[in-house]
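Novice: First residue of the sequence shown? That's 325 in the numbering used here, and the numbers climb one at a time after it.
From the three backbone atoms N, C-alpha and C, an ideal C-beta is built for every residue, glycine too.
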Amino acid sequence: MKTFLGRGEEPQVHFFRTSDGLEVDFLVDADAGLIPIEVKSSATPRLEMAAAVIAFRKGLRKKTACSWAGALEIES
């Protein structure tokens, strides 16, 4: 977000929810495609916290995605 704003661009931000309840908190529309971002606050982040991002990537076959858990970036 800071990168977009620093370039004077307004980012396109959306969210994603599956019919079975998995939800990605933010989808940022970037040049590389949609980037799903999952926000969690935990002292002990776990991969299963990124289940919605993983489902999103599998469903749309995107190569760029990241999920943040506290200050830890989890890439699957």
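Rounding to the nearest angstrom, what Cα-Cα distance links threonine 327 and glycine 345 in this structure?
Specialist: Approximately 30 Å, taken between the alpha carbons.
Novice: With DSSP as the reference, identify every bridge partner of glutamate 347, one or two as the case may be.
Specialist: Looking at the DSSP assignment, glutamate 347 forms a beta bridge with Arg341.
Novice: Three-state secondary structure (DSSP) at alanine 379?
Specialist: Helix.
Novice: Shortest alpha-carbon distance to valine 337 belongs to which of Arg331, Ser343, Glu347, Ile359?
Specialist: Cα-wise, what sits closest to valine 337 is Ile359.
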